[in-house]
Amino acid sequence: MSRNVLHVENVTMQFGGVVAVNNLSMDINEGEIVALIGPNGAGKTTAFNCVTGVYEPTNGRIDYMGKTIVENYPSGKMKRSYAGENAGLYTKRVVNTPDKITALGIARTFQNIRLFKSQTVFNNVLIAMHMRRTSNVFSATFRLNMKEENQMRQEAMELLKIVGLEGVADELATSLPYGQQRRLEIVRALATHPKLLLLDEPAAGMNPQETEELGAFIKEIKDRFNLTVFMIEHHMNLVMGISDRIYVIDFGKQIAEGTPEEVRDNPAVIAAYLGVDEE
Amino acid sequence: MKKILSLVLALALLLTASAAMADVVKIGVFEPASGDNGAGGKQEVIGIEYAKSIVPTVEVGGKTYDVELVIVDNQSATDKAVSAAQELVDAGVSIVLGSYGSGVSMAGGEVFADAEVPAIGCSCTNPGVTSLCDYYWRVCFLDPFQGTVMANFAMDEFGAKTAYVLSQLGDDYTTGLATYFAKAFESMGGTVINEQFTEGTSDYTAYLNNAISGGADVIFSPTSTTVASLLINQAASMNVSMPILAGDTWESSVILDAAKGTNLTICMSTFFDEKDESSPQAAEFVQGFKAWLNANPDKKTNNGGNDIVAAVSALGYDAYMVAIEAIKAADSIDSVAIAEALPSVVTTGVTGSISFDEIGDANKDMAYIKKANTETGAFDFVKTQTVAELAK
Amino acid sequence: MFDRILPYLLSGISVGGQYALIAVGYTMVYGILRLINFAHGDIFTAAGFFMVYIATALPVQFAIPLVIALTVALGFTVERIAYKPLRSAPRMSVMISAIGVSYLLQNLMWYVTGGLAKQYPTIPWISESITIGSATTKVVTLITPVLTILLVIALVTIIQKTKIGMAMRAVSKDFETAQLMGIKINSVISTTFIIGSLLAAVGSVLYFSNYTSVTPTVGAMPGLKAFVAAVFGGIGSIPGAVIGAFIIGICENIIKALGYTTFSDAFTFALLIVILLFKPTGLFGEKTSEKV
Amino acid sequence: MKKTTKNLINIALLLLMFVGLYFLEQHFGRRSMLITVLKKGAIYALIAVSMNLLNGFTGLFSLGQAGFMLVGAYTYAVLTIPMAKRMAVYQYYDGGIINFTVPTIVGILAAGALAALLAMLIGMPVLRLKSDYLAIATLGFAEIIRAIIQWDTLGPITNGSNLLKTYPTFKSVIPVFAAATICIGVIVLLINSTYGRAFKAIRDDEIAAEAMGINLFHHKQMAFIISSFFAGIGGALLAMYQGSLQANAFKASMTYEILLIVVIGGMGSVTGSVIASFLFIACSEWWLRFLDTETYLFGGTVKLPLLRSGFRMVVFSVVIMIVVLFFRKGIMGEKELWDLFTPKKKKEGIKP
């Protein structure tokens, strides 16, 4: 079995009295494409936000490449109002800000595209490379880092070529059509040199043909950059087509896990998506 | 946008062009017309304007020059004063008069010195005005003297042991005078409680409470008239019984208006007393000035709506006359030549004889102490005090 | 001991009440538009000048309602001219427009008055002196907190019980949704400005009866402090603003009593910063977070 | 165009500017209004650009600029007042306790350094606050700084609340422009570097920037410190321009003025800030002056209505309101002057 990349263990995220993610555990291994699905409001994006450090989970632990990147236990006011499970299992608090997590090799895209609006397509990619700079603010200001700067620019251009956006490199990012903006977001994430790529509804708003192209594209970059991909998606064709494994959650809880075939036939999943008659 | 801009430019050009005329010597009037010291500045300006109405021309090199006053408003603020001073320099004035308020004079002094234009302070009493600027002279006494006078007065007249001294943060006049008062008062064995308020303060009750609870026998608060009216008003509503003393700024109708009908004791030192008839020049000036004020309603408004002769008006008058003498002595309208001639000018003005020491200060040694009469709404003359008397 | 603090406490409560009346205007506008209305302090000053000029022609009992009406009209006009056209603009633009209005009002008042302090007219009864224990003060000092609390209770009732109050609450909760639900945003906003200006006018009458000199920039400091009070109490919350204002008014006077008069203004800001660091949305503010 | 040719053109333009300035000064005299406005305009340009770096390029709404200028101005003045003059300047504090004087250039750099140091200390707590709260906290800090500088106990160093003067100033317009040009040049280089791109990313979308591995606090702190450094230098230059200095002038209204300049020029445009600074200063100090003077036409018979002291500022603020309301993006928007001369490539058809 290949190496474990992401290990999510008993993660609970509670906002006030609302438990958005409830005792969620997942494992993602190197080279896999794993999908996280579930009805609207099931807590998928919240789970992503816990992994990427945007939220600090109320309880639970997340390991990346065998190293704990997030760990927390209910404390303060939450101690009394905690409504999840496994309280007392964790006693440490490990916090990493999103930028640190990105630096470790986890990159992401956003459900509602978040490109740098005032910047060109090219600069959007270039900004993502800022993280790997070796120059300090003085050497950068006085242009003592030209070698590094030129390398960055070259690499950014190459990345844009891969997705066929080199022709619009000098256009404003927000002037691109929707589908290209989605791709640009993925390229921008790639520019941080991730090992694990988190895609939050990459096919949202795309037509079937575009979705199919996107599926091929995800596979292509996965192979090309040796990625592990973890995505949230609603387009079942895409999910079933490219995923190795699927996690299904509803009301913050995992209700199923397995290969696309297994999940497709799982009665709990069908119930969650179609609703069950209460008799 | 462009159109408006060109229009504005054209208008500006037109105006500057029309102002250029021959045989005119320009005297800059650097005074506050607005801000905390606006009321006092206006009184100083009318003194200068009256002087100009008496001596409207000056003989230079056998030619008669018309005097033109270039009046700018330094807004009682040191940063605005710099712009106002630059405006005067740009207008090409030969000499500058003013300002009411020491801080603005010190700020403007840098600009005048840089442009080598001499300036004559009328009522700016802080030592720094002249000692820090080679192009500033003045016709009034200084704060170390004034502070000592008032400290003596507080002790002799009211038997004060403890004085509450209140000054405005960032105002050289009030801080300076307060400091010199405190020094003199302490050196005579008194106790001083020092406090400062920030510009724009409206509530002085806490300060007055501090004075009361600190057991002060007198309050010394050499502030602007704007502050004074608030302070007096609040002191009256709190029934403050201790005397309130101040410096020359308080010799203003603003104080009389605020104090009228209250039972406060308010005294201040000043440069001049209109009822002092020992000098013929002064008597003549008072008579002429009152008549001029009554004939010019707008000037009378600037004087606070009455014809009481303020000391600063007298000083403005004297400063103008000194400037005229200096121009005559230099026999030139060139500012550098006037600056060279100025130190040796000796005249007898309405506020006493004027000659300058090496720093540029007038050799003046007499202060008048007055009391605000809360019934009649006028100033009552109390006494005069000289340096020689103090030395005893 | 109590004798010694009483005068400070009295003026603290009084000035706190006056700050509160201004602060409510800030907090309501912020609650609805998310705008720091920098011009609010100048509207307060303008109310002072209205009184100065109107009282020369009319007796006080007629002048006060007229002053309040004019101030309300000014607040309404400012909103219509300077803020309404920017409804869809970024928040920053509106805030800068507010700074611009403040600049304009100050310069206009400077121009009209010639930049000189004007004496506020004496209002019968409330300008009279009164002695309480060890302290002698003006009647207005005692009226202010009472009137402030009555007005705020009235305001809170309006907001809780009336239809327009409900609309206000809806708009402050969610601007877009309220608009979609058919609430007339513009009339709600206008009402907010009218109420804010009305309270500022009342505050101005009380304030200047105590501190009887009006200058074009006199409102800047009380305005800023009232705003600080609003932030302190949790901007958007009316009780928060009122409590914040009283706390600031009293603290400021205690600082003066302790002899640190130089720092009485700075202290207000220091207090604010400390509060913000520990409770970033103020004492009673609601927590907000951006959706990712 | 090649990079080297571009650089050469820039250098040539700069040289041309200085030669032009030299002749203007020779022709009009260094005390003329034109030269005065140019001096003050250049200083305000630097200050406005430094504020733009923070507010326009990094998206941090800070209102503390006057505070940092104040620190810079005081640092410069306190360190450079000649020993011989100290007794008279610090007249209430027996000459003060600082018994050395540093050269002008050291004073200017120290001004920037101290302002930057202070920004570092203030930044640690306040940069965690968001938008309006950040604005009000920085405004508050500026007021606190002012109160501390005016504090009597610090009088032997700062001369309390009293005027500082007699420190070295500049006579000619050339050194002012040189200093401002160098500083603005450095800011432009910074903005176009990888760090500048990171600042703009934070402005556009904090969450995305952080997800791209940009450490928000570190970069905000950096922008805050650098902006304050140049504000400090701007403050020192302003002190030199004025010839005298008092803490009282550095109020919140000064920050508002600079913010208005930045907005009129266009948030996120360096050239916009520069142009707006010169226009702002020229209008307020020079071109509109005539509005303040009572003017009689036709031989003194007809008095022009409205013209009297204070009218200039009314007209000026009306103009500002018009710009704010109707030209929301300011003179330049987010563009730079050179963007106007390099026409955009024709859009190619983009495959959807």
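Protein chains in written order, with the numbering used here: chain A, 1 to 279; chain B, 1001 to 1392; chain C, 2001 to 2292; chain D, 3001 to 3352.
Just so it is clear, CB atoms sit at the ideal spot from N, CA and C, and this is done for glycine as well.
Beta-carbon proximity list for Ile3225/D, same chain, < 6 Å, skipping 5 on both sides: The count along the fourth sequence starts at 1 and reaches residue 3225/D at position 225. If we look at Ile3225/D and ignore the five residues flanking it on each side, its Cβ neighbours are Ala3116, Ala3119, Met3120.
Residues, ordered as in the chain, of the region 3234-3261 of chain D that lie near chain B by beta-carbon distance below 7 Å: Gln3242, Gly3243, Ser3244, Gln3246, Ala3247, Asn3248, Ala3249
Where Leu198/A falls: helix, strand or coil (DSSP): Here residue 198/A refers to the residue found at position 198 of the first sequence. Here Leu198/A sits in strand by DSSP.
Test item: CB-CB of Gly43/A and Phe251/A under 9 Å: Position 43 of the first sequence, counted from the start, is the residue given in the question as residue 43/A. Position 251 of the first sequence, counted from the start, is the residue given in the question as residue 251/A. Cβ atoms of Gly43/A and Phe251/A: closer than 9 Å.
Reduced DSSP category for Ala1115/B - H, G, I as helix; E, B as strand; rest coil: As a working note, residue 1115/B is residue 115 in the second sequence. Looking at Ala1115/B - three-state DSSP - the assignment turns out to be helix.
Distance, Asn1363/B Cα to Gly3059/D Cα: Position 59 of the fourth sequence holds residue 3059/D. Position 363 of the second sequence holds residue 1363/B. Looking at the two C-alpha atoms, the distance is approximately 60 Å.
Positions along the region 1117-1149 of chain B whose CB lies within less than 7 Å of some CB in chain D: Pro1127, Gly1128, Ser1131, Leu1132
Proximity below 9 Å, CB of Ala140/A to CB of Leu3190/D: Here residue 140/A corresponds to residue number 140 of the first sequence, with the count starting at 1. Here residue 3190/D corresponds to residue number 190 of the fourth sequence, with the count starting at 1. Closer than 9 Å, so yes.
Residues bridged to Arg245/A (per DSSP): For this step, residue 245/A is matched to residue 245 along the first sequence. Answer is Val34/A.
Ordered list of alpha helix (DSSP H) runs contained in the region 3222-3262 of chain D, each at least 4 residues: none
Buried versus exposed call for Met26/A [16 or more other C-beta atoms within 10 Å across all chains shown]: The count along the first sequence starts at 1 and reaches residue 26/A at position 26. The residue in question, Met26/A, is buried, as its Cβ has 16 or more Cβ neighbours within 10 Å.
Cβ neighbours of Met129/A in the same chain (closer than 8 Å, five flanking residues each side left out): Residue mapping note: residue 129/A aligns to position 129 of the first sequence, counting from 1. Once the five neighbours on either side are set aside, the close Cβ partners of Met129/A are Met152, Glu155, Ala156, Ala191, Thr192.
Below-9 Å beta-carbon distance, Val1089/B vs any chain D residue: Taking the second sequence and counting its residues from 1, one reaches residue 1089/B at position 89. Taking Cβ atoms only, chain D reaches closer than 9 Å to Val1089/B, which makes this a yes.
Residue of Gln1086/B, Ala1329/B, Thr1191/B, Ile1369/B minimising C-alpha distance to Ile1071/B: Counting from 1 along the second sequence, the entry for residue 1071/B is found at position 71. Nearest of Gln1086/B, Ala1329/B, Thr1191/B, Ile1369/B to Ile1071/B, Cα basis: Gln1086/B.
Thr2281/C burial status per 10 Å Cβ neighbour count (16 or more: buried): Here residue 2281/C is taken as the residue at index 281 of the third sequence, counted from 1. Buried: at least 16 other Cβ atoms inside 10 Å.
Where the beta strand (DSSP E) through Leu2086/C begins and ends: Within the third sequence, the letter at position 86 stands for residue 2086/C. From DSSP, Leu2086/C is part of no beta strand (DSSP E); its letter is neither H nor E.
Reduced DSSP secondary structure (H/G/I, E/B, other) of Ser1353/B: As a position in the second sequence, residue 1353/B is number 353, starting the count at 1. Strand at Ser1353/B.
Spatially closest choice to Thr3138/D from Pro3125/D, Ile3149/D, Ile3174/D, Gln3150/D, by CA coordinates: Walking along the fourth sequence from the start, residue 3138/D turns up at place 138. With distances taken between Cα atoms, Thr3138/D lies closest to Pro3125/D.
DSSP three-state assignment for Ser1018/B, whether helix, strand or coil: Along the second sequence, one-based indexing puts residue 1018/B at 18. Summary for Ser1018/B: the model assigns pLDDT 46, below 50, so the residue's position carries little reliability; its value from the coordinates is reported in the next sentence. Ser1018/B sits in a helix when the DSSP states are folded into three classes.
Per DSSP, cross-strand counterpart(s) of Thr228/A: Position 228 of the first sequence holds residue 228/A. BP columns for Thr228/A point to Leu196/A.
Neighbouring residues, chain D, relative to Gly1170/B (Cβ below 7 Å): Within the second sequence, residue 1170/B is the residue found at index 170, counting from 1. Chain D residues near Gly1170/B: Gln3150, Ser3161, Gln3246, Ala3247, Asn3248.
Contact with chain C by Arg2968/D, beta-carbon distance below 9 Å: Here chain D comprises residues numbered 3001 to 3352, so residue 2968/D is not present and cannot be evaluated.
Proximal residues of chain D, C-beta to C-beta of Pro98/A below 7 Å: Residue mapping note: residue 98/A aligns to position 98 of the first sequence, counting from 1. In chain order: Glu3210, Ala3211.
Reference Asp1066/B, options Ile1333/B, Ser1355/B, Ser1229/B, Val1346/B, closest by Cα: Along the second sequence, one-based indexing puts residue 1066/B at 66. Nearest of Ile1333/B, Ser1355/B, Ser1229/B, Val1346/B to Asp1066/B, Cα basis: Ile1333/B.
With 16 other Cβ atoms within 10 Å as the buried cut-off, status of Val2274/C: For the purposes of this step, residue 2274/C is identified with residue 274 of the third sequence, where counting begins at 1. By the neighbour-count rule (16 or more Cβ atoms within 10 Å), Val2274/C is not buried but exposed.
Ala1314/B vs Phe1356/B beta-carbon contact at 9 Å: Reading the second sequence from its first residue, position 314 is the one you call residue 1314/B. Reading the second sequence from its first residue, position 356 is the one you call residue 1356/B. Taking 9 Å as the Cβ cut-off, Ala1314/B and Phe1356/B do not qualify as a contacting pair.
Rounded straight-line distance, which links the Cα of Phe2284/C to that of Ile2068/C: As a first step, residue 2068/C must be located in the third sequence, where it is residue number 68. As a first step, residue 2284/C must be located in the third sequence, where it is residue number 284. In a straight line, the C-alpha of Ile2068/C is about 30 Å away from that of Phe2284/C.
Proximity test, Lys79/A beta-carbon vs the ligand ADP heavy atom, cut-off 8 Å: Only the bare structure without any ligand can be found here, which leaves the ligand ADP out of the picture.
Residues that Ser2213/C bridges to, as DSSP identifies them: By 1-based counting over the third sequence, the position of residue 2213/C is 213. Answer is Gln2119/C.
9 Å Cβ cut-off: residues of chain C touching Glu1195/B: Mapped onto the second sequence, residue 1195/B falls at position 195. Within chain C, the residues placing a beta-carbon under 9 Å from that of Glu1195/B are Lys2256, Gly2259, Thr2261, Thr2262, ordered along the chain.
Asp1156/B: first and last residue of the uninterrupted alpha helix (DSSP H) it sits in: Within the second sequence, residue 1156/B is the residue found at index 156, counting from 1. Unbroken alpha helix (DSSP H) run through Asp1156/B: 1143-1158.
Pair within 9 Å by beta-carbon distance, Tyr1317/B and Tyr1136/B: Along the second sequence, read from residue 1 onward, the residue named residue 1317/B stands at position 317. Along the second sequence, read from residue 1 onward, the residue named residue 1136/B stands at position 136. No, Cβ-Cβ distance for Tyr1317/B and Tyr1136/B is not below 9 Å.
Alpha-carbon to alpha-carbon, Phe2278/C and Gln14/A: Position 14 of the first sequence holds residue 14/A. Position 278 of the third sequence holds residue 2278/C. About 22 Å.
is_contact[Glu3336/D, chain B] using C-beta, thresh 9 Å: On the fourth sequence, position 336 is the one that residue 3336/D refers to. Chain B contact via Cβ: absent.
First through last residue of the beta strand (DSSP E) which encompasses Leu2150/C: Within the third sequence, the letter at position 150 stands for residue 2150/C. Per DSSP, Leu2150/C belongs to no beta strand (DSSP E); it is in the alpha helix (DSSP H), 2139-2161.
Pair within 9 Å by beta-carbon distance, Leu3016/D and Val3173/D: Numbered from 1 along the fourth sequence, position 16 holds the residue referred to as residue 3016/D. Numbered from 1 along the fourth sequence, position 173 holds the residue referred to as residue 3173/D. The Cβ-Cβ distance between Leu3016/D and Val3173/D does not fall below 9 Å.
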